[in-house]
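Trainee:
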Amino acid sequence: MAGTIQFSNAIRAVKPELENLGFRVLIPQSKPLSAGEVLGCTAPSVKLQVCAGKDDVIIFVADGRFHLEAFMIANPEIRAFRYDPYLGKLFLEEYDHEGMKGDRRRAIERAIGAKSWGIVLGTLGRQGNPMVLERLEGKMRDKGLEYMVVLISELSPKKIELFGDAVDAWVQIACPRLSIDWGDAFRKPLLTSFEAEIALGDLAGWWERKLSLMGVRSVQGVEAVVEMRMCKKGWTIRWITMPRMVGNGTLVT
Numbered sequence: 004m005a006g007t008i009q010f011s012n013a014i015r016a017v018k019p020e021l022e023n024l025g026f027r028v029l030i031p032q033s034k035p036l037s038a039g040e041v042l043g044c045t046a047p048s049v050k051l052q053v054c055a056g057k058d059d060v061i062i063f064v065a066d067g068r069f070h071l072e073a074f075m076i077a078n079p080e081i082r083a084f085r086y087d088p089y090l091g092k093l094f095l096e097e098y099d100h101e102g103m104k105g106d107r108r109r110a111i112e113r114a115i116g117a118k119s120w121g122i123v124l125g126t127l128g129r130q131g132n133p134m135v136l137e138r139l140e141g142k143m144r145d146k147g148l149e150y151m152v153v154l155i156s157e158l159s160p161k162k163i164e165l166f167g168d169a170v171d172a173w174v175q176i177a178c179p180r181l182s183i184d185w186g187d188a189f190r191k192p193l194l195t196s197f198e199a200e201i202a203l204g205d206l207a208g209w210w211e212r213k214l215s216l217m218g219v220r221s222v223q224g225v226e227a228v229v230e231m232r233m234c235k236k237g238w239t240i241r242w243i244t245m246p247r248m249v250g251n252g253t254l255v256t
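Sequential numbering of the sequence shown, starting at 4, is according to the numbering used here.
Structure representation (structure tokens):
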């Protein structure tokens, strides 16, 4: 089980209740986050301990799906359910993994061969990582590429468009979700640092190495996650989906 920070205490409180019913419940922790806490860019891959014939799922407690999506990206093989405590309803959530991977691959391929680069270092909170910036600058210099470093607190297409065609491709050191969720809104490719290293030829693409997005996301800095394992001898768990949709989720009864 996992969720957003305001529900962490409730998640820990319900764990023994579910275990008394025969379920195996795991609430992992990604330090420095508290146990059960997940952020939109902090959701590491979970090693499955599959029970034959049973379902391993994540039960995510939140009133929205942004933070849950980080888990779904990192763990495409695990079904995700979101419990909305305000509505008192459970939703089956889905994510277009193939569509997302296709979008990111096209962005990387567009950036291959770029002669001038813009490197955005995010200044909002602790998003920007100077060590990553230093590494990317070194790679740009070694390859004889032109580049500029731009400090931005809140990245937007309007701000990037001010640079016009002076930059062929951008790499942002802030939050990977800026590229994954909103990359298509930018006229020029907007890559994460990991994707930039693929475009520069220093890493093979995940489609070449047959990696899942699990591996890609963990390189991006995705950290811990939480899952609920439903394994009970002789108990088959069935989920019934209803046609009513809320966002990209299906209400479950």
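Cβ coordinates follow ideal geometry from the N, Cα and C atoms, glycine included.
1) So, at 6 angstroms on beta carbons, what are the nonlocal neighbours of E198 in its own chain, with the 5 sequence-adjacent residues on each side left out?
2) Taking the Cβ atom as the reference point for each residue, do E72 and R180 lie within a distance shorter than 9 angstroms?
3) Between which two residues does the beta strand (DSSP E) carrying D87 extend?
4) As a quick exercise: from L36, E96, F69 and P88, pick the residue whose alpha carbon is nearest that of I61.
5) Given L21, which residues of its chain have a CB within under 7 angstroms of its CB, disregarding the five upstream and five downstream residues?
6) Look at the alpha carbon of A77 and the alpha carbon of G43, and state the distance between them as a whole number of angstroms.
7) Strictly by DSSP, which residues pair up with S119?
8) Whole angstroms is fine: what's the gap from K92's alpha carbon to G67's?
9) Straight-line CA distance for P192 to W173?
10) Taking the Cβ atom as the reference point for each residue, do S182 and L165 lie within a distance shorter than 9 angstroms?
11) How is the beta strand (DSSP E) around D58 delimited, first residue to last?
12) In this structure, does DSSP put K162 in helix, strand or coil?
13) Taking the Cβ atom as the reference point for each residue, do G125 and L158 lie within a distance shorter than 9 angstroms?
14) On the DSSP bridge assignment, give the partners of W173 in chain order.
15) According to the Cβ coordinates, are A65 and D87 closer than 9 angstroms?
16) Return the CA-CA distance between R108 and L127, expressed in angstroms with no decimal places.
17) Spatial neighbours of L216 within its chain, please: C-beta separation below 8 angstroms, excluding the five flanking residues on both sides.
Mentor: The relevant details are as follows:
1) Here the question's residue 198 lines up with position 195 in the sequence shown. The answer, listed in chain order, is I111.
2) As a first step, residue 72 is located in the sequence shown; it is residue number 69 there, counting from the start. As a first step, residue 180 is located in the sequence shown; it is residue number 177 there, counting from the start. Cβ atoms of E72 and R180: closer than 9 angstroms.
3) Taking the sequence shown and counting its residues from 1, the one referred to as residue 87 is at position 84. Element bounds for D87: R82 to D87.
4) Locating residue 61 in the sequence shown gives position 58, counting from the first residue. Closest option to I61, Cα to Cα, is E96.
5) Numbered from its first residue, the sequence shown carries residue 21 at position 18. Closer than 7 angstroms at Cβ, skipping near neighbours: V28.
6) In the sequence shown, the residue the question calls residue 77 occupies position 74. In the sequence shown, the residue the question calls residue 43 occupies position 40. Roughly 11 angstroms separates the two Cα atoms.
7) If you number the sequence shown from 1, residue 119 lands on position 116. Per DSSP, E149.
8) Residue numbering aside, residue 92 sits at position 89 when the sequence shown is read from its first letter. Residue numbering aside, residue 67 sits at position 64 when the sequence shown is read from its first letter. If you take the alpha carbons of K92 and G67, they lie about 12 angstroms apart.
9) Reading the sequence shown from its first residue, position 189 is the one you call residue 192. Reading the sequence shown from its first residue, position 170 is the one you call residue 173. Distance between the alpha carbons of P192 and W173 is about 6 angstroms.
10) Residue mapping note: residue 182 aligns to position 179 of the sequence shown, counting from 1. Residue mapping note: residue 165 aligns to position 162 of the sequence shown, counting from 1. The answer is no: Cβ separation not under 9 angstroms.
11) Locating residue 58 in the sequence shown gives position 55, where the first residue counts as 1. Run containing D58: D58 to V64, per the beta strand (DSSP E) assignment.
12) As a first step, residue 162 must be located in the sequence shown, where it is residue number 159. Of the three classes helix, strand and coil, the one that applies to K162 here is helix, per DSSP.
13) Within the sequence shown, numbered from 1, the residue matching residue 125 stands at position 122. Within the sequence shown, numbered from 1, the residue matching residue 158 stands at position 155. Yes. Within cutoff.
14) Taking the first residue of the sequence shown as position 1, residue 173 is located at position 170. Partner(s): G121 and L193.
15) Translated into positions along the sequence shown, residue 65 becomes position 62. Translated into positions along the sequence shown, residue 87 becomes position 84. Cβ atoms of A65 and D87: closer than 9 angstroms.
16) Looking up residue 108 in the sequence shown gives position 105. Looking up residue 127 in the sequence shown gives position 124. In a straight line, the C-alpha of R108 is about 27 angstroms away from that of L127.
17) Your numbering for residue 216 matches position 213 in the sequence shown. Its pLDDT being 47, under 50, L216 is placed unreliably in this model, and the coordinates cannot settle the point.
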